[in-house]
Amino acid sequence: MDATSLRAASTALRDSAPLVHCLTNTVVQTITANALLAIGAAPAMVDDPAEAGEFAAIASAVLVNVGTVQQRTAEAMRLAARAANEAGTPWVLDPVAVGGLTFRTELAADLVELRPTVVRGNASEVLALAGAGKGGRGVDSTADPDDALEAAGELARRTRGVVAVSGPVDVVTDGDTVVRVGGGSPLLTRTTGAGCALGAIVAAYVATAGDLVTATVAAHAHVALAAEAAAALADGPGTFAIRWLDALDAVDGETLLRAQLS
Amino acid sequence: MDATSLRAASTALRDSAPLVHCLTNTVVQTITANALLAIGAAPAMVDDPAEAGEFAAIASAVLVNVGTVQQRTAEAMRLAARAANEAGTPWVLDPVAVGGLTFRTELAADLVELRPTVVRGNASEVLALAGAGKGGRGVDSTADPDDALEAAGELARRTRGVVAVSGPVDVVTDGDTVVRVGGGSPLLTRTTGAGCALGAIVAAYVATAGDLVTATVAAHAHVALAAEAAAALADGPGTFAIRWLDALDAVDGETLLRAQLS
Amino acid sequence: MDATSLRAASTALRDSAPLVHCLTNTVVQTITANALLAIGAAPAMVDDPAEAGEFAAIASAVLVNVGTVQQRTAEAMRLAARAANEAGTPWVLDPVAVGGLTFRTELAADLVELRPTVVRGNASEVLALAGAGKGGRGVDSTADPDDALEAAGELARRTRGVVAVSGPVDVVTDGDTVVRVGGGSPLLTRTTGAGCALGAIVAAYVATAGDLVTATVAAHAHVALAAEAAAALADGPGTFAIRWLDALDAVDGETLLRAQLS
Chain A
13 MDATSLRAAS TALRDSAPLV HCLTNTVVQT ITANALLAIG AAPAMVDDPA
63 EAGEFAAIAS AVLVNVGTVQ QRTAEAMRLA ARAANEAGTP WVLDPVAVGG
113 LTFRTELAAD LVELRPTVVR GNASEVLALA GAGKGGRGVD STADPDDALE
163 AAGELARRTR GVVAVSGPVD VVTDGDTVVR VGGGSPLLTR TTGAGCALGA
213 IVAAYVATAG DLVTATVAAH AHVALAAEAA AALADGPGTF AIRWLDALDA
263 VDGETLLRAQ LS
Chain B
13 MDATSLRAAS TALRDSAPLV HCLTNTVVQT ITANALLAIG AAPAMVDDPA
63 EAGEFAAIAS AVLVNVGTVQ QRTAEAMRLA ARAANEAGTP WVLDPVAVGG
113 LTFRTELAAD LVELRPTVVR GNASEVLALA GAGKGGRGVD STADPDDALE
163 AAGELARRTR GVVAVSGPVD VVTDGDTVVR VGGGSPLLTR TTGAGCALGA
213 IVAAYVATAG DLVTATVAAH AHVALAAEAA AALADGPGTF AIRWLDALDA
263 VDGETLLRAQ LS
Chain C
13 MDATSLRAAS TALRDSAPLV HCLTNTVVQT ITANALLAIG AAPAMVDDPA
63 EAGEFAAIAS AVLVNVGTVQ QRTAEAMRLA ARAANEAGTP WVLDPVAVGG
113 LTFRTELAAD LVELRPTVVR GNASEVLALA GAGKGGRGVD STADPDDALE
163 AAGELARRTR GVVAVSGPVD VVTDGDTVVR VGGGSPLLTR TTGAGCALGA
213 IVAAYVATAG DLVTATVAAH AHVALAAEAA AALADGPGTF AIRWLDALDA
263 VDGETLLRAQ LS
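Sequences listed follow chains A, B and C, in order. One rule links them: number in this note's numbering = place in the first sequence (from 1) + 12. One rule links them: number in this note's numbering = place in the second sequence (from 1) + 12. One rule links them: number in this note's numbering = place in the third sequence (from 1) + 12.
Written as structure tokens, this is what we have:
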């Protein structure tokens, strides 16, 4: 993939300011909303069955993240995913800690049947979701992205969508094309919600870019390049998270030309 | 309005450290608590029917923000508003995204019948709450505060309270007097929860100041002046939010004399 | 107590990266997760009955904080505490605002019967939990840690665990030994969640250190020393909270030798 295609994705995002409907875990709602605002998108967190379907139908994209899921929000997630499908709206599934816990693993399996536009997780989660592994412990991954490549490809063909596996080098695939995104910073794993916010950023990009793989890669490159800029200014994980938000705002189409793709 | 009256409101707030009971959305609980601590108030987030009425009865003021409302917290909001009324405690309604979603729009209409001391929202929300518009998309406003002035005045007369409409220039009215508060920074709209925290800051001010319009204007001026100070030190939306908390702490009665009132 | 024993506790923590299962209030989930990541632990927030028992059984330690408790999460807390006990896993109880509100006060009394490994609260909360006081208003304490020393000792003997009372000087006791931890910064009380994060840090330390009093003291010293470093770099409560996370990361076994113990 040529990094120049990422520049167009960035422009499309900034021009359209997509409304991203997030059904996400309560730990990361704030950083997710702030990350979306920083990249020029509009976040909205509506996670109750009373409103989730109604709102998904008018959103530009939907994020479903099962990090702190419960019966009530699980129902909202099903309604939102169905409403998104009916409206032809793209939606992203982030299967946090799937594999390790029964309730969310069953929910995630149901959600996969609804064919998420993009699945974004770590290697353990993607392996578990594809039925090929037992998952990690909580949000940690005990596997490398490339270990999950085959499972990711299979899952992508099953959902006819894209699967992105986060790690030191991220892997994005639609079951045919495979793109790797390098760079970033280890500090991304030392601040809560960076990975979850990436899921929301993917949703924002797929709302506005034509090609799904390009949009997903652009989101990953945006996050990685912002992390590099933030790490250069950070004195530790606290200042890193704040500088990362500043850098998400500063990254533009020209910056994305420096993405480490392979 | 003369800015010297704001100085007295600031002193009253710092001297009494009001306990502000917040029933607010989960995205902004942290920044709301931190903003209240920064201005010298004491925050407490108690949003379950099992405790909300009991706590509202002992609080200095109550904030009801419907941002991520659900059946359970809606019931807690009704109980808290009634307990506040019975105790003669002021309470603030923030009708986040009202107009755009059925469940919260009906809830907000019920809450208006309980006569909130202050309503704080953007123009779209105030228009929708007054029955004069269809609301914006999520937290965005598609209208200007002055477009909502007539609706705000009507609503204020109906609740016999104050209505504040946030925007580039904020408008505060009790249906008779109209005060405009200028200044601030566009970065306030690039960080999640700044507007919601303003609702809580209004609650803290009305808990301690004699005149409702003065208290509400003081809260808006406090936020705007802190935003200007923060913007001068910020490198982007991340550092802005942090510097804004520092500045909320630093603003005092003397600072409020520089408020841009008209 | 000799500060050299704290150095070993620090090393044990960094070497084992304990998985801390947090059932905590929604206001402080983010700072709690970030504080745990900063000290080298792995946080996971799972607070629904559908998963809490299953997860507590595989965690290294469990935190139960009743700050925004409701029926659903109260049930999850009971399940997690029982699962922790069955697995021989240490767990920490943070009785936020207990004494002042009926529902949580009854829940906390039940949880004490399940014998938490460590109870961490302010003086008002510990007095209320021990049946010796009426509690403060919300998260504020209206009493001094030493006022709660007798109640803390009694409670510790009843639970056969450790009780830590936070204040300007923290008091840690198992009902026999008493250790005081000085230092810290008043800014810790101006940022939401610092005390709640301390409860989680205690959980991380008791997961890995042999002696309960030593582990609890090490956690308090870690927080206090980081607060001193952060205060030196802070311009207000906003920058303090961020610098505190940086400093939690930077504190190591050598730093702990400077703990103010008595």
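Built from N, CA and C at the ideal position, the CB exists for glycine as well.
Under the DSSP assignment, A:Pro-249 falls in the alpha helix (DSSP H) whose first and last residues are 249 to 262.
The C-beta of A:Gly-111 comes no closer than 8 angstroms to any C-beta of chain C. With its beta carbon at least 8 angstroms from every one in chain C, A:Ile-70 lies outside the interface.
When secondary structure is reduced to three states using DSSP, B:Pro-55 falls in the strand class. Residues are counted here when their Cβ sits less than 8 angstroms from a Cβ of chain C; for the region 70 to 103 of chain A these are Gly-79, Thr-80, Val-81, Gln-82, Gln-83, given in chain order. Ranked by Cα distance from A:Ser-72, the options A:Asn-134, A:Val-218, A:Asp-159 are led by A:Val-218. The residue among A:Ala-253, A:Pro-249, A:Thr-220 with its C-alpha nearest the C-alpha of A:Arg-19 is A:Thr-220. Taking 8 angstroms as the upper bound on Cβ-Cβ separation, chain C lies near residues Asn-37, Thr-38, Val-39, Val-40, Thr-42, Ile-43 of the region 26 to 50 of chain A. If the five residues before and after B:Glu-137 are omitted, its C-beta is found closer than 6 angstroms to the C-beta atoms of Pro-107, Val-110, all from its own chain and listed in chain order.
Taking the C-beta atoms as reference points, A:Thr-171 is found nearer than 8 angstroms to A:Arg-127. Apart from sequence neighbours up to five positions away, the residues of its chain that approach B:Thr-267 with a beta-carbon distance below 6 angstroms are Leu-237, ordered along the chain.
It is roughly 18 angstroms from the alpha-carbon of A:Pro-157 to the alpha-carbon of A:Ala-230. Within chain B, the residues placing a beta-carbon under 9 angstroms from that of A:Arg-255 are Asp-247, Gly-248, Gly-250, Thr-251, ordered along the chain. In the structure shown, C:Val-108 adopts coil according to DSSP, grouped into three states.
A:Arg-84 is the residue among A:Ala-95, A:Ala-206, A:Arg-84, A:Pro-102 whose C-alpha sits nearest the C-alpha of A:Arg-116. Nearest Cα to B:Glu-240 within the set B:Thr-189, B:Leu-210, B:Pro-198, B:Gly-211: B:Pro-198. Put simply, of C:Leu-210, C:Ala-244, C:Pro-30 the residue whose alpha carbon is nearest the alpha carbon of C:Gly-133 is C:Leu-210. For B:Met-89, same chain residues with a beta-carbon under 6 angstroms away, outside a window of 5 residues either side, are Leu-35, Val-76 in chain order.
Here DSSP, grouped into helix, strand and coil, assigns C:Val-235 to helix.
C:Ala-135 sits close to C:Val-177, with the two beta carbons spaced by under 8 angstroms.
At a cut-off of 8 angstroms between beta carbons, C:Thr-171 makes no contact with chain B. In the three-state reduction of the DSSP assignment, C:Asn-134 falls in the strand class, which pools E and B. Of the residues assessed, A:Ala-56 falls on the buried side of the cut-off, its CB having 16 or more other CB atoms within 10 angstroms.
DSSP, reduced to helix, strand and coil, places B:Ala-142 outside both helices and strands of the structure shown, so it counts as coil. Inter-residue distance for C:Asp-261 and A:Val-263 is about 27 angstroms (C-alpha atoms, whole angstroms). Around the beta carbon of C:Ser-22, a 10 Å sphere encloses 16 or more other beta carbons of the protein chains shown; the residue is thus reported as buried.
Three or more beta-carbon pairs drawn from the region 47 to 66 of chain B and the region 201 to 215 of chain C are found closer than 8 angstroms, and the two stretches are therefore classed as touching.
If you keep only unbroken beta strand (DSSP E) runs of at least 3 residues inside the region 22 to 109 of chain C, you get 31 to 35, 54 to 57, 73 to 77, 103 to 106. Between the alpha carbons of A:Ile-254 and B:Asp-188 lies a distance of about 43 angstroms. Look at C:Met-57: its C-beta is under 8 angstroms from a C-beta on chain A.
B:Ala-212 has its alpha-carbon roughly 8 angstroms from the corresponding atom of B:Val-104.
Sequence-distant partners of B:Ala-242 (beyond 5 residues in either direction) whose C-beta falls short of 6 angstroms from its own C-beta, in its chain, are Phe-252, Arg-255, Trp-256, Ala-259. Around A:Asp-60, the beta-carbon contacts reaching into chain B at under 8 angstroms are Thr-80, Val-81, Gln-82, Gln-83, Phe-115. Distance from A:Ala-216 to A:Ala-15 at the Cβ level is roughly 19 angstroms; contact not present, criterion being Cβ atoms closer than 8 angstroms. In chain order, Thr-220, Ala-221 place their CB closer than 6 angstroms to the CB of B:Ala-24, counting only its own chain and leaving out the 5 sequence neighbours on each side. For B:Arg-127, there are no C-beta contacts with chain A under 8 angstroms, since the nearest C-beta of that chain is about 25 angstroms from it.
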